[in-house]
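As you go down the protein sequences, you meet chains A and B in turn.
Quick note: to get this note's numbering, add 36 to the position in the first sequence (first position is 1).
Quick note: to get this note's numbering, add 105 to the position in the second sequence (first position is 1).
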Amino acid sequence: MIVAQRKSIPELQDIIKEKKNILVLGCGTCVTVCLAGGEREVSIISSALRIASKKAGEAIKVNELTIERQCDNVFIETAADEIKKCDAVLSLGCGAGVQAIAERYPDKPVYAGLDTAFLGILESRGVWTEKCAQCGACVLADFGGICPVTRCAKHMLNGPCGGSRIERCEISPNQPCAWQLIYKRLSDIGETDKLKKIYPAKNWSKSLDGGSRTIIREDHRI
Amino acid sequence: MTDNTFEPKILAFCCHFCAYASADLAGSMRLQYPPGVRIIRTPCTGRLEVEYYMRAIENGADGVLIAGCLEGGCHYIDGNLFARKRVTATRALLEECGIDKERLRMVNISAAMAKNLVDVIFEMVDTVKQLGPNPIKPQFLGKSLKQESEMAETCCMNEVKSE
């Protein structure tokens with residue numbers, strides 16, 4: 037899922053300044069699960085914005101709404117009335133959600149209330165970790181399901197490097213060495229032979245380097 | 106407004122199994138605490154969400170006190186420990202909003218600690234008196250409780266009319 041974090045209240049105040057009627061719009065999908073932009077967070081952030089604006093001597097109206105999914109027009113339509121009524125939308129969706137709403141409402145200012153961080157998983161309660169860099173050419177099959185592109189600090193495809201110390205990466209004692217994990221995992225599943233393969237330089241043209249990506253499935257187009 | 110005339114309104118969320126019982130005991134013992142403290146009974150402080158604290162401040166409470174069981178003594182094992190984490194996070198959020206974090210405080214009280222409850226209430230009231238009235242309700246400054254009630258009522262009626 038997409039993992040995001042809320043911006044600080046002073047940052048949000050700066051973003052919505054001079055707007056008097058704000059709609060704080062939450063998303064019921066990834067950002068709800070990562071506790072950043074769901075219904076509860078919409079309520080908390082709206083309340084915080086009202087308090088902060090009153091403290092600053094301004095009177096702003098903050099409405100709250102959470103829709104099922106901000107990156108899908110079908111669900112965005114359910115927020116149409118509220119969006120039309122406000123001066124600006126403060127979206128608590130991921131970067132995709134913010135842009136989906138901005139495209140749908142060209143005349144309405146749409147601001148991002150969250151910092152979209154990464155594609156990851158819930159490691160334990162309150163802890164999320166990055167697992168996928170969306171490089172566009174998955175190599176997980178060769179590395180026992182552990183991604184060196186994301187989890188190795190140097191993104192090495194032929195590791196480990198000399199910075200691996202007692203199963204930890206040299207960048208931090210809290211950071212496991214991805215290549216140690218890969219070796220252990222491949223040993224456990226009897227596939228260490230795969231490590232004999234020397235990987236050529238990765239083709240990054242399928243990643244963000246070629247501009248924003250589009251996938252077209254002709255069999256599904258109307 | 107001077108400290109002599111300002112009577113802080115403190116919202117006290119008290120756990121049914123400890124602090125609420127100790128408030129009851131305080132009553133039986135004839136221990137007095139300031140009348141501006143309004144107690145709300147909650148099944149466990151772990152039930153309280155961040156929104157409750159935010160809404161309390163937003164709606165004009167001068168302070169919010171959360172009184173849960175002693176650590177290790179929660180009826181639901183660890184509800185009070187979760188509550189403390191939420192209170193800590195909310196205090197940081199209030200600071201971001203420009204509200205002094207001391208307006209929100211959590212204490213741990215057992216059912217037998219009536220005197221301690223009264224003491225922490227007095228401490229909270231003293232702290233809030235020093236901080237002054239909740240800064241986001243300037244329209245109530247300098248008004249008596251009766252005037253405040255009338256203003257709140259008028260405000261509610263206007264909202265109903267506008268809807």
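Ideal placement from N, C-alpha and C gives every residue a C-beta, glycine not left out.
Quick one: is R76(A) near chain B, going by C-beta distance under 8 angstroms?
For the purposes of this step, residue 76(A) is identified with residue 40 of the first sequence, where counting begins at 1. So, interface residue.
Checklist entry - Can you tell me where the beta strand (DSSP E) with R189(B) in it begins and where it stops? => result Indexing the second sequence from 1 puts residue 189(B) at position 84. Unbroken run through R189(B) is the alpha helix (DSSP H), 184 to 202; no beta strand (DSSP E).
Pairwise C-alpha distance: P142(A) and K121(A): As a position in the first sequence, residue 121(A) is number 85, starting the count at 1. As a position in the first sequence, residue 142(A) is number 106, starting the count at 1. Pairing K121(A) with P142(A), the inter-Cα distance amounts to about 15 angstroms.
Worksheet entry | Three-state secondary structure (DSSP) of K232(A) | Mapped onto the first sequence, residue 232(A) falls at position 196. DSSP places K232(A) in helix when its eight states are reduced to three.
Strand pairing of E75(A), partner residues [DSSP] = Counted from its first residue, the first sequence places residue 75(A) at position 39. Per DSSP, none; premise fails for E75(A).
Q: Return no unless some Cβ of chain B is closer than 8 angstroms to the Cβ of K91(A).
A: Here residue 91(A) corresponds to residue number 55 of the first sequence, with the count starting at 1. When Cβ-Cβ separations below 8 angstroms define contact, K91(A) makes contact with chain B.
Would T102(A) and E75(A) qualify as a contact pair, given that the criterion is a beta-carbon distance under 8 angstroms? Position 66 of the first sequence, counting from 1, holds the residue named residue 102(A). Position 39 of the first sequence, counting from 1, holds the residue named residue 75(A). In contact: T102(A) and E75(A) (Cβ atoms closer than 8 angstroms).
Check whether chain B comes within 8 angstroms of A40(A), counting only Cβ atoms and requiring the distance to be less than that. Position 4 of the first sequence holds residue 40(A). For A40(A), the answer is no, since every Cβ of chain B falls outside 8 angstroms of its Cβ.
Helix, strand or coil at G132(B) [DSSP, three-state]: Residue mapping note: residue 132(B) aligns to position 27 of the second sequence, counting from 1. G132(B) falls in the helix class under three-state DSSP.
Practice prompt. State yes or no: is the C-beta of A136(A) within less than 8 angstroms of the C-beta of C107(A)?
Written response: Here residue 136(A) refers to the residue found at position 100 when the first sequence is read from its first residue. Here residue 107(A) refers to the residue found at position 71 when the first sequence is read from its first residue. For A136(A) and C107(A), yes; Cβs fall inside 8 angstroms.
Subject >> Residues near Y158(B) by beta carbon distance below 6 angstroms, same chain, minus five either side >> reply: If you number the second sequence from 1, residue 158(B) lands on position 53. Contacts found: V169, T195, L209.
Quiz prompt | Segment contact, 8 angstroms Cβ cut-off, at least three pairs: the region 62 to 75 of chain A with the region 112 to 131 of chain A | solution = With a cut-off of 8 angstroms, the region 112 to 131 of chain A and the region 62 to 75 of chain A count as touching, because enough Cβ pairs lie within range.
- Which residues bound the alpha helix (DSSP H) around D151(A)? Stepping through the first sequence from its first residue, residue 151(A) is reached at position 115. D151(A) -> not in any alpha helix (DSSP H); beta strand (DSSP E) instead, spanning 150 to 160.
Quick one: what's N99(A) bridged to in DSSP?
Numbered from 1 along the first sequence, position 63 holds the residue referred to as residue 99(A). L59(A), per the DSSP bridge assignment.
Which residue's Cα is closest to the Cα of F187(B): G162(A), A173(A), G156(A), E47(A)? Along the second sequence, read from residue 1 onward, the residue named residue 187(B) stands at position 82. For the residues G162(A), A173(A), G156(A), E47(A), the minimum Cα distance to F187(B) belongs to G162(A).
- Taking C-alpha atoms, which residue in I96(A), L59(A), E166(A) lies nearest to D312(A)? Residue coverage of chain A in this structure runs from 37 to 258, which leaves residue 312(A) outside it and unanswerable.
Quick check: what's the CA-CA separation for N185(B) versus M211(B)? As a working note, residue 185(B) is residue 80 in the second sequence. As a working note, residue 211(B) is residue 106 in the second sequence. When rounded, the distance between both Cα atoms is 10 angstroms.
Q) R86(A) versus chain B: which residues are under 7 angstroms apart at the beta carbon? A) Taking the first residue of the first sequence as 1, we reach residue 86(A) at position 50. The answer, in chain order, is E163.
| query | Any idea if C213(A) is buried or exposed, counting beta-carbon neighbours within 10 angstroms, 16 or more meaning buried? | reply | Within the first sequence, residue 213(A) is the residue found at index 177, counting from 1. It is buried - the Cβ of C213(A) has at least 16 other Cβ atoms within 10 Å.
Tell me whether the beta-carbon of I80(A) lies closer than 8 angstroms to the beta-carbon of I162(B). On the first sequence, residue 80(A) is found 44 positions in, with the first residue counted as 1. On the second sequence, residue 162(B) is found 57 positions in, with the first residue counted as 1. I80(A) places its beta carbon 8 angstroms or farther from that of I162(B).
### chain B residues whose Cβ lies nearer than 8 angstroms to that of I45(A)
The residue you call residue 45(A) lines up with position 9 of the first sequence. Per Cβ cutoff of 8 angstroms: L198, E201, C202.
Original post:
Closest Cβ-Cβ distance between S79(A) and chain B: below 8 angstroms?
Top reply: By one-based count along the first sequence, residue 79(A) stands at place 43. By this cut-off, S79(A) is an interface position.
TODO: Could you have a look at A116(A) and say whether DSSP puts it in helix, strand or coil?
DONE: Against the first sequence, residue 116(A) aligns to sequence position 80. In this structure, A116(A) counts as helix in the three-state DSSP scheme.
If we define contact as Cβ-Cβ less than 8 angstroms, is R208(B) a contact residue for chain A? For the purposes of this step, residue 208(B) is taken as the residue at position 103 of the second sequence. R208(B) does not count as touching chain A.
Output, in chain order, the set of chain A residues within a Cβ distance shorter than 7 angstroms of P148(B). Along the second sequence, one-based indexing puts residue 148(B) at 43. Those do not exist, as P148(B) stays about 19 angstroms from chain A at its closest Cβ, beyond 7 angstroms.
#### Entry: Pick from A124(B), G177(B), I204(B) that is closest to A219(B), judged by C-alpha positions
The residue you call residue 219(B) lines up with position 114 of the second sequence. Measuring C-alpha to C-alpha distances from A219(B) to each of A124(B), G177(B), I204(B) identifies A124(B) as the nearest.
Pairing CB atoms from the region 239 to 248 of chain A with CB atoms from the region 121 to 135 of chain B, are three or more of them under 8 angstroms? With a cut-off of 8 angstroms, the region 121 to 135 of chain B and the region 239 to 248 of chain A do not count as touching, because too few Cβ pairs lie within range.
Reduced DSSP secondary structure (H/G/I, E/B, other) of K90(A): Residue mapping note: residue 90(A) aligns to position 54 of the first sequence, counting from 1. K90(A): helix per DSSP, three-state reduction.
Requested in this report: Please confirm whether R191(B) and L136(B) have their CB atoms less than 8 angstroms apart.
Outcome: Reading the second sequence from its first residue, position 86 is the one you call residue 191(B). Reading the second sequence from its first residue, position 31 is the one you call residue 136(B). No, Cβ-Cβ distance for R191(B) and L136(B) is not below 8 angstroms.
### Task
Identify the continuous beta strand (DSSP E) that holds M159(B) and give its terminal residues.
The count along the second sequence starts at 1 and reaches residue 159(B) at position 54. Segment 155 to 163 is the alpha helix (DSSP H) holding M159(B); no beta strand (DSSP E) there.
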